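Please read the structure below before turning to the comments.
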Ligand SMILES: C[S@@+](CC[C@H](N)C(=O)[O-])C[C@H]1O[C@@H](n2cnc3c(N)ncnc32)[C@H](O)[C@@H]1O
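Numbering (the numbering used here), first residue to last: 33 to 272.
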């Protein structure tokens, strides 16, 4: 059997938002790996894994900031997973928040391990994204009929967000907690603030979901913040 590395999406934070397949893969893998921030805090993925399995996990540090430290962390994490195969493991599962194919560290880990273990087979188990959790918690329909949906990383800048607000019916913004005042100003300028909801720490006990129009315009949110902007809908099937 070829060595297998599976990225397992464990949802946004609530252990109930994990698929049956994710739990099975996490229980059956020879080694389970979880990312921890270089702050040393217990990671969210780790907490969700522990809610479903009693097994030991291999904790790999990832740096949150850009630069050589981040590259060194990816290299070290890749080497640690490659070493697990060297010790006889055949299946390694990497638990990641949300979905492993949506802005996940799993992508970089898989690429690094592939460079070290050429026969590696990479698989993923989909997970519930923060975007879906925000839609559910706020009672917002993400898209219907012919509506389009854009997922924007605010690290790409506010002009990209403005372009998406012009071009798309539904816009979701990730990675922008610290830029929230500028983000809210851009949404207000586009005339779409009334259709915007904000969510922080989705699926966690401290979850905070509210209409964006009610936020203090100077307030900055945590890293785990997302914004969902939809268009006004006119009755059933209005956009079919
Ligand atoms: C590196 S991306 C990870 C996305 C994740 N793989 C997914 O599928 O949702 C991190 C960004 O996702 C969003 N995010 C992830 N989990 C969240 C949560 N529980 N509450 C609010 N936002 C979250 C935030 O915008 C955060 O800055």
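Heads up, the beta-carbon is just placed ideally off N, CA and C, and yes, glycines get one too.
Just so we're clear, the structure is a prediction, and the values are computed from it rather than from any experiment.
Could you tell me which residues DSSP pairs with residue 43 in its beta bridges? Residue 43 pairs with 130.
For residue 60, which option in 111, 179, 85, 191 has the closest C-alpha, if you only look at C-alpha atoms? Per the Cα distances, 85.
Contact belief for residue 227 with residue 258 at Cβ below 8 Å, rounded distance in angstroms: Contact between residue 227 and residue 258 is ruled out by a C-beta separation of about 15 Å, above the 8 Å threshold.
Evaluate residue 67 with the Cβ neighbour count: other Cβ atoms within 10 Å of its Cβ, from every protein chain shown; 16 or more gives buried, anything less gives exposed. Counting C-beta atoms within 10 angstroms of its own C-beta, residue 67 has 16 or more neighbours from the protein chains shown and is therefore classed as buried.
So which of 183, 240, 263 has the shortest CA-CA distance to residue 24? No information on residue 24 is available, as it lies outside the stretch 33 to 272 that the chain covers here.
Among 183, 46, 69, 77, nearest to residue 40 - alpha-carbon criterion: Residue 40 has its Cα closest to that of 77, out of 183, 46, 69, 77.
Segment limits, alpha helix (DSSP H) that includes residue 144: Per DSSP, the continuous alpha helix (DSSP H) segment holding residue 144 begins and ends at 137-148.
For residue 117, name the three-state secondary structure that DSSP assigns. Residue state, collapsed to three classes: helix.
Residues of its chain near residue 192, where Cβ-Cβ distance is below 7 Å and the 5 sequence neighbours each way are ignored: Once the five neighbours on either side are set aside, the close Cβ partners of residue 192 are 184.
Ligand 1 and residue 229: does any heavy atom of the ligand fall closer than 7 Å to the residue's C-beta? Not under cutoff, so the answer is no.
Taking 7 Å as the cut-off, does the CB of residue 140 come closer than this to any heavy atom belonging to ligand 1? Answer for residue 140: no, Cβ out of range of ligand 1.
What's the gap between the Cα of residue 149 and the Cα of residue 178? Between residue 149 and residue 178, the C-alpha separation is close to 44 Å.
Buried or exposed: where does residue 105 fall if 16 or more other Cβ atoms within 10 Å of its Cβ makes it buried? Buried is the call here.
Tell me the DSSP secondary structure of residue 100 in three-state form. Here residue 100 sits in helix by DSSP.
What number of angstroms, rounded off, separates the C-alpha of residue 235 from the C-alpha of residue 115? The straight-line gap from Cα to Cα measures roughly 34 Å.
Among residues of its own chain, excluding the 5 on either side of residue 275, which ones have a beta-carbon nearer than 6 Å to its beta-carbon? Outside the shown range of the chain, which is 33 to 272, sits residue 275, and nothing can be said about it.
Collapsed DSSP secondary structure at residue 227 in the structure displayed: Looking at residue 227 - three-state DSSP - the assignment turns out to be helix.
DSSP state of residue 202, grouped into three classes? Here residue 202 sits in strand by DSSP.
By a C-beta neighbour count over all protein chains shown, 10 Å radius and 16 as the cutoff for buried, is residue 266 buried or exposed? By the neighbour-count rule (16 or more Cβ atoms within 10 Å), residue 266 is not buried but exposed.
Taking a contact to mean a Cβ-Cβ separation below 8 Å, would you say residue 37 touches residue 157 in this structure? It is not a contact, given that the beta carbons lie outside the stated cut-off.
In three-state DSSP terms, what is residue 239? In the structure shown, residue 239 sits in coil (DSSP, three-state: anything other than H, G, I, E or B).
Provide the residue span of the alpha helix (DSSP H) that contains residue 249, from first to last. Note, residue 249: premise wrong, no alpha helix (DSSP H); not H, not E.
Please report the straight-line C-alpha distance between residue 91 and residue 229, rounded to a whole angstrom. One C-alpha to the other measures close to 34 Å.
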